[in-house]
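Asks: Numbering of the sequence shown is given in the working numbering, commencing with residue 136 and proceeding in unit increments.
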Amino acid sequence: YGTTGKPNFPVNIMLSLEYIKHMKNCSDLEIIDDFHFDYLVNYATGQRTLGEINLAERTLYYFRERVYRYCRENPGKDDLLFGQFIGLLHSFAGKAGIALGEQRVDTTLFMSNIKKD
């Protein structure tokens, strides 16, 4: 890392934007617009003020490129994005007191299309 120039964009925000992008099924331009102008997306990424951090489209591409390159060079290691997602999932489940081992199947789902006489 150099000592001159702008510091790196925060990785936690980049990961959050990737997750939100895939949850909303939107393009890079849409997620960048949401990051700059949608307070909910800003709040979800940990920002409390709109426009506090500038994000260029190219930053997303460079981030994805570096993650992809890491995965290609280290095939035996954990997938960075999925590993972080699983870590967050277990953390949220632990705080909420939810057991992830076994899930209950609701029978009303199967009964909804049956006619009642």
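Every residue, glycine too, gets a C-beta built ideally from N, C-alpha and C.
Around the C-beta of residue 184, are 16 or more other C-beta atoms found within 10 angstroms, so that it is buried, or is it exposed?
Replies: Residue 184 is exposed by the Cβ-count criterion.
Asks: Helix, strand or coil: how does DSSP classify residue 160 here?
Replies: In the structure shown, residue 160 sits in coil (DSSP, three-state: anything other than H, G, I, E or B).
Asks: Output needed for residue 163: all residues of its chain with C-beta closer than 7 angstroms, excluding positions within five of it in sequence on either side, in chain order.
Replies: If we look at residue 163 and ignore the five residues flanking it on each side, its Cβ neighbours are 192 and 195.
Asks: Please report the Cβ distance between residue 153 and residue 223, rounded to the nearest whole angstrom; I am assuming they are in contact, meaning their Cβ atoms lie under 8 angstroms.
Replies: Rounded, the Cβ-Cβ distance is 12 angstroms, inconsistent with contact.
Asks: State the start and end residues of the unbroken alpha helix (DSSP H) segment that holds residue 224.
Replies: Per DSSP, residue 224 belongs to the alpha helix (DSSP H) from 215-231.
Asks: On the three-state DSSP scale, how would you describe residue 199?
Replies: Three-state result, residue 199: helix.
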